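Numbering (the UniProt record's numbering), first residue to last: 1 to 229. Following: one structure in structure tokens, then a few remarks.
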Amino acid sequence: MNHHIQRSHYGNLSHTLVDQVLTEQALAGDQAAFEVLINKYESPLRGYIWRILKDHDLMADVLQHVFLQCYCSLPKLRTDTPLKAWLFRVAYHRCLDELRSKRRRQAISFSQLEGEDGEEASPLADELLDPDLTPEELLEQQELHEQVVQAMETLSPRLRAVVHLRSFGELSFAEIGKQLNMPESTAKTYFHRSLPRLRAAFVARRENLSKNQLMSNGLFASSSGHIGK
């Protein structure tokens, strides 16, 4: 399908309104609409991520993570959240995660070298952490990443393998078919079949976590009131 032709159907609508329309269509099951969104933002996101990481492999991993998280978060994106800002914010925080991971590995390696010389290792990891991100923001990003990974665990091994190779390995459906010994058409069908299930599992998990947090807060408030008496 020609993405440029499909986008022209929206006439002179603003980019934000076009994104909202496409998001609604994707949420209703229109895979082509989601592909238009990917086509629209892939190039600017790729350039943005590259400027931060300067690493082609990491750039590809982050880009696939952003679009997978976007698909899982479609219900939330139906609101007044501007899609472009949301995508770049997710990409930014994911890039920070990758940089921290890389810096920690370098710090560990450097500490080991110092230890070999008989000197005390300095806490380089603490010094290299980005000072602009609060502990709450770090925790939120870690929890969100864990939720995506755990949502993938709800898929069957076959579907999970296809999603992983497509989203994180950035393989074509033909390449996935060769790796998993299945026709290209089957790999594509498995991928599109798994996305609604993955999104549903992701949303359900977030709702359960929110309910548990509310219950914990309620119990804490009750306990505090009882102690106060």
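We treat Cβ as the ideally placed atom computed from N, Cα and C, and that holds for glycine. Being a predicted model, the structure only gives us computed values, none of them experimental.
Element boundaries [alpha helix (DSSP H), containing residue i]
i: G177; result: F173 to L180
i: L74; result: L74 to L77
i: S167; result: P157 to S167
Helix, strand or coil at residue i according to DSSP, with G and I counted as helix
i: L99; result: helix
i: T23; result: helix
i: G29; result: coil
i: S109; result: For S109, the predicted model reports a pLDDT of 38, less than 50, meaning its position is unreliable; a value from the coordinates is still stated below. DSSP places S109 in helix when its eight states are reduced to three.
i: P44; result: helix
i: E153; result: coil
i: D55; result: coil
i: P196; result: helix
Environment of residue i [buried if 16+ CB atoms lie within 10 Å]
i: G177; result: buried
i: Q150; result: exposed
i: R89; result: exposed
i: H15; result: exposed
i: L17; result: exposed
i: E120; result: With a pLDDT of only 38 at E120, under the threshold of 50, the placement of this residue in the model should not be trusted, and no figure is reported.
Member of the options whose CA lies at the smallest distance from the CA of residue i
i: V21; options: R160, Y48, P82 and D57; result: P82
i: L194; options: Y71, L53 and R51; result: A small correction: the amino acid at residue 194 is Ser; Leu does not occupy that position in the sequence shown. Out of Y71, L53 and R51, Y71 has the C-alpha closest to the C-alpha of S194.
i: L27; options: M59, P75 and A91; result: P75
i: A187; options: H164, R199 and M59; result: H164
i: A174; options: E184, H65, S167 and E35; result: E184
i: S43; options: Q64, A33 and D30; result: Q64
i: A91; options: K40, L77 and L53; result: L53
i: F202; options: E98, F191, A85 and M152; result: M152
i: V66; options: R51, D55 and Y41; result: Y41
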